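**Student:** Here it is: the structure, laid out below.
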Amino acid sequence: MNTQLQLEDYYLTKLHIDWRAPSKAEVRVDEIQTGIDYDVAVHTKEKNRYKLDLRIRLTEMGKEEKDVGYVVAADIVGLFSFPEDSDKSTREKLIRINGVSILYSTFRGILGGMTGMFRGRRLALPTIMPNEVVQRVEENKQAQRAAKREAQVAEPAKN
């Protein structure tokens, strides 16, 4: 069975980049805070077609001056397909791990090209381990679902 994931198309739905110039001539960026999240959807009729909406947030900060460097908020959507003979459990795993890897890498190039025109410098996204990102995101989603269920149970019955 062939389980190859194919990126059919991608597009940005959000791209916001701020460059916060330092107040002094020499200020160093000491920390990069990143956040990655995503949502997965399956086509209603063609179960081998998926959409992955990847959300990336990045903030650079300095020790001497906190508000320095880049602030990035981006959403990139990928449309993917699998061979029709692929099984669901494999698709569900690959759309997350490989899909995150493909879209993150694609966005790295977009961001590098865009920030290369900024006064500051070209920004390269930090390297990630997609399997670790997926594990963290899925754990967060599971905790959110559990908290929502608990809140619904705790609500008094409405008549």
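For the sequence shown, position 12 matches number 596 in my numbering, and the numbering has no gaps at all. Note that CB positions come from ideal geometry on N, CA and C, so glycine has one too. Just so you know, these numbers come straight off a predicted model, no measurement behind them.
#1: What residue from H600, E644, D659 has the CA that sits closest to D614's CA?
#2: Report the CB separation of D659 from L596 in whole angstroms; it is logged as a contact under 8 Å.
#3: Taking the continuous alpha helix (DSSP H) assigned at Q590, which residues delimit it?
#4: For G662, count neighbouring Cβ atoms within 10 angstroms of its own Cβ and tell me buried if that reaches 16, exposed if not.
#5: In whole angstroms, give me the CA-to-CA distance for N632 and I679.
#6: Just list the residues that DSSP pairs K559 with in beta bridges.
#7: Return the Cβ separation of R639 and Y622 in integer angstroms, given the expectation that the two are a contact with Cβ distance under 8 Å.
#8: Mapping the DSSP letters down to three states, classify I712 as helix, strand or coil.
#9: Can you have a look at G683 and say buried or exposed, based on whether 16 or more other CB atoms are within 10 angstroms of its CB?
#10: Tell me the rounded alpha-carbon separation between V737 and A731.
#11: With E644 as the anchor, note down where its beta strand (DSSP E) starts and where it stops.
#12: How many angstroms separate the CA atom of L695 from the CA atom of S685?
#13: Check for me: the beta strand (DSSP E) holding S665 runs from which residue to which?
**Tutor:** Quick answer:
#1: The option with the nearest alpha carbon to D614 is E644.
#2: Contact holds; Cβ gap of about 7 Å.
#3: Taken as a continuous stretch (DSSP letters only), Q590 belongs to no alpha helix (DSSP H), being part of the beta strand (DSSP E) at 590-604.
#4: Residue burial annotation: G662 is buried, with at least 16 other C-beta atoms found within 10 angstroms of its C-beta.
#5: Roughly 10 Å between the two C-alpha positions.
#6: It is not possible to answer for residue 559, since the shown part of the chain is limited to 585 through 743.
#7: Rounded to whole angstroms, the Cβ separation of R639 and Y622 is 7 Å, and the two are in contact under 8 Å.
#8: Three-state DSSP puts I712 in coil, outside helix and strand.
#9: A buried status is given to G683, since no fewer than 16 other beta-carbon atoms sit within 10 Å of its beta-carbon.
#10: Rounded to the nearest whole angstrom, the CA to CA distance from V737 to A731 is 10 Å.
#11: Its beta strand (DSSP E) spans residues 633-645.
#12: Cα-Cα distance, rounded: 15 Å.
#13: Start and end: 653-665.
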